[in-house]
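Colleague:
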Amino acid sequence: MRERIGPWDEFARVQEQLSGAGALLVSVDARGRPNAMTIGWGQIGTVWSRPIFLVLVRPSRYTHGCIEHTSAFTVNVPVGTMAAELEFCGSRSGRETDKFAVLGLETEPGHEVPVPMLAGCTVVYECRVVAKTALVPQGLLDDGVRSRYYPRGDLHSLFFGEILATWRNR
């Protein structure tokens, strides 16, 4: 059973999970099929006087087009669980693999967005995209970041997701 909480109530646990095993970014493709991608980078903050979950997705990733299709996503945080699922979703593309079918991932319908939530996750954020911007080479001022994370280009798009609801498993 889920309870609605504030977007900051589990901030420390979510940041710890993102820094460790990661979280699952869920979106829906044009056929209505959900897709999950493992993320380790994300930021929760306030922008335009709204709670925002900022996620980074490379345009080459299947998830990028899914988010653009629905203008929504969920961030599903499996605190201390789902290691195998995180590994699988971080190493396979949704273009070729129905990760939900292969892994038997159970979902719950989103309450605020047309994207499902993962049943086994401790915390879930439902987000509506309010802005998107692309990283550009001249915007990367740290050569170490550029050489370490973007040696072949393929810079991320930043999706600003307004947090419409945050849920915690009881």
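For what it's worth, my numbering labels the leading residue of the sequence shown as 14, then goes sequentially.
Backbone N, C-alpha and C fix where the C-beta goes; we use that ideal spot for every residue, glycine too.
Small disclaimer: the values here were computed from a predicted structure and weren't measured.
Assign C134 to one of three DSSP states: helix, strand, or coil.
Modeller: Of the three classes helix, strand and coil, the one that applies to C134 here is coil, per DSSP.
Colleague: Can the beta-carbon of V126 be found closer than 7 Å to that of R141?
Modeller: Yes. Within cutoff.
Colleague: Check whether the Cβ atoms of R188 and D167 lie closer than 7 Å to each other.
Modeller: Absent from the model: residue 188. The displayed extent of the chain is 14 to 183, so no value can be given.
Colleague: Secondary structure at L171, three-state DSSP: helix, strand or coil?
Modeller: The answer is strand: DSSP assigns L171 an E or B state.
Colleague: Relative to the C-alpha of E139, which residue among N48, T87, D22 is closest?
Modeller: Cα-wise, what sits closest to E139 is T87.
Colleague: If I measure Cβ to Cβ from T51 and keep anything under 7 Å in the same chain, skipping five residues before and after, which residues do I get?
Modeller: So the list reads G35, L37, L99, C102, G103, once near-sequence residues are dropped.
Colleague: Thinking V128 and V68 are a contact (beta carbons under 8 Å), I'd like their distance in whole angstroms, please.
Modeller: In fact, because the Cβ distance is near 13 Å, the residues do not count as touching under 8 Å.
Colleague: Would you mind stating whether V92 and R26 have Cβ atoms separated by less than 7 Å?
Modeller: Yes; because the gap between Cβ atoms is below 7 Å, this pair is in contact.
Colleague: Below 7 Å between beta carbons: does that hold for T83 and V41?
Modeller: It is a contact, given that the beta carbons lie within the stated cut-off.
Colleague: Considering only the alpha carbon of each residue, which of A144, F113, E175, F173 lies closest to R46?
Modeller: Of the candidates A144, F113, E175, F173, the one whose C-alpha sits nearest the C-alpha of R46 is F113.
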